[in-house]
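In the numbering used here, the protein residues as written are 1410 to 1875. Even glycine gets a Cβ: it sits at the ideal position worked out from N, Cα and C. Below is one structure, written out as structure tokens; comments come after it.
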Amino acid sequence: MAIARAEGYREGLVDLAAGRISREIFVNDEIYRQELERVFARSWLFVGHESQIPSPGDFFVSSMGEESVILCRDRAHQIHVFLNSCRHRGMKVCRYDEGSTPVFTCPYHGWSYSTDGKLVGVPYFREAYRSKLERSQWGLVEVAQLYNYKGTVWATWDPAAPSFLEYLGDFVIFLDLILDGRDGREGQAEVLGGVEKWLIPCNWKFPAENFSGDSYHNISHRSVDLAGIGPSGSGRRDTAELMIGRKLHVCIPDRGHQTIVYVLPKDLPPPPTYQHSSVVSEYFRHCEEERRRTRGDQARLMGAPGEIFPTAALLPRQPRTLAVWHPRGPHQTEVWRWFFVDRDTPAEVKNFLREYYIRYSGPAGMTEQDDMENWNYAHAASRGTIARRHPYCYEMGLGCAVEDYKWEGLRIPGRVIDITQAQSSEEPMRNLYRRWAQFMEADSWAELASWRRADTAAAALRPTGT
Ligand code: FES
Ligand code: FE
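Take a look at the structure:
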């Protein structure tokens, strides 16, 4: 038998036509090193929310890929994202999770930076540097592009990346499901409480593909479903939507974003929710009525788990959270989970939601501890010399996605599989890994922005008449 050589990424590891993906992409150290460069240094990443830094001088230390970054608001109220590394010898200039400061002072030799990133203090500048150091060239390293979308702050290190909205494409309506108010007003979300953070021993792609729309793993949540911790009476958190609506897998081709979404019938009111509290239930009933009134048919969309490529995971309804899967080496992931509410939600409702969110999510919550058992053991059991020779199976629903899906007059963008009967498909995972492989193979954003070529081709075919 020929002995395989250990090496990094190569074409064929992601074979979507056959529905097979090599375990190497999850466990190979060299592929991980390559993806930090090719995926994380080029894509748009979620950094934090503006409600975490309301005043000048406020900061929140976040992460982009493996690297620590500082999200802060300068004295002129501008938001910045800086690499958290001193330009002198690389020391972390900010070692707190969050806070407020007039300057970031490096603990090593004392260089200090203003909140707009300028180097403003150099000990012994006159004596040791003979006043010759050109301080304007030694400010903090800043991201190439930053975008504040309805309060959420996204950034990329790549100046050639398309704008954030172009990067999102038609997926924007699914991000809106978490950021817009429950009553349909634009951009009402704020962060509730702190950010939940924990480490899990698996590659970041395990949770990323799970939140892309793995509705096949419900057996893992059987015990919690039986315990009935759903907020809408007994059963799962989405039982009511399941009973009356269509359940879809929606993928945005060429972008790598995908989600589950429910579409409610045209003429039925939204199902009741949070029935364990009459105050909370009444609040959401009123919100949903308003949303139907102001958004019309669009309000029939009910959000469910989804993923913005590569690492931002949405859960727009119950609980309403956004998670990021920060890579910490090929065999470890640090999960950060933000929880959202509308900012003018009554205090009693916020408090009820806070308790529900904590009870439901994270390492001590009723779900996700069961998810993590799967991801952690699957990763460990895939690392062996023999195990990694055998690909995973991604054949479910192969060839079943359709364009231009409509139900009761509401058109859904992207490629869609209606899984109301089938319960699941692996189209979202194939969409995720198709994009991941494109990032691993393409040398430039000119190649990655394939939709621009399609637009150009369509424009060339359009008749130009008088
Ligand atoms: Fe920051 Fe030297 S490493 S001042
Ligand atoms: Fe799960």
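Assigned with DSSP and collapsed to three states, Asp1438 falls in helix. Here Pro1800 has Arg1429, Ile1430, Ser1431, Arg1432 as same chain residues with Cβ atoms under 7 Å from its own Cβ, once five neighbours each way along the sequence are excluded. The chain-ordered list of residues whose CB is nearer than 7 Å to some heavy atom of the ligand FES reads Cys1495, His1497, Arg1498, Gly1499, Met1500, Val1502, Cys1515, Tyr1517, His1518, Gly1519, Trp1520. In the structure shown, Phe1534 falls within a coil segment according to DSSP collapsed to helix, strand and coil. Taking a cut-off of 8 Å for Cβ pairs, the stretch 1804–1813 and the stretch 1832–1847 touch, as three or more such pairs fall below it. Taken from the Cβ of Ser1464, every heavy atom of the ligand FE lies 7 Å or farther away. For Gln1667, DSSP records a beta bridge to Cys1660, Glu1716. In the DSSP assignment, Glu1605 falls within the beta strand (DSSP E) that extends over 1605–1609. In the DSSP secondary-structure assignment, Arg1824 is bridged to Cys1660, Glu1812. Residue pairing by DSSP places Trp1745 opposite Lys1606, Val1733 in a beta bridge.
Rounded to whole angstroms, the Cβ separation of Met1711 and Val1744 is 24 Å, and the two are not in contact under 8 Å. Here Leu1588 has Lys1559, Gly1596, Ala1598 as same chain residues with Cβ atoms under 6 Å from its own Cβ, once five neighbours each way along the sequence are excluded.
DSSP, reduced to helix, strand and coil, places Ile1479 within a strand of the structure shown.
A straight line joining the alpha-carbon of Thr1510 with that of Glu1459 spans about 16 Å. Restricting attention to Leu1608, Thr1865, Ser1621, the CA atom closest to the CA of Glu1782 is found in Leu1608. For Gly1457, DSSP records a beta bridge to Val1562. The beta carbon of Lys1527 is closer than 6 Å to those of Gly1548 in its chain, skipping five residues each way along the sequence.
Inclusion of Asp1780 in the 7 Å shell around the ligand FE follows from its C-beta lying nearer than that to a non-hydrogen atom of the ligand. One thing to note: Ala1708 has its Cβ within 8 Å of the Cβ of Arg1700. By the CB criterion at 8 Å, Cys1503 and Val1470 fall inside the cutoff. For Asp1634, the uninterrupted alpha helix (DSSP H) run begins and ends at 1631–1636, by DSSP. Proximity to Arg1737 across Pro1610, Trp1563, Gly1705 peaks at Pro1610, based on C-alpha coordinates. Minimum Cα-Cα distance from Ser1472 among the listed residues Trp1563, Pro1463, Leu1425, Ala1537 corresponds to Trp1563.
If you look at Leu1857, you'll find it in the alpha helix (DSSP H) that goes 1854–1857. Taking the Cα of Val1688 as reference, the smallest distance to any Cα among Val1758, Gly1806, Ser1494, Ile1638 is reached at Val1758.
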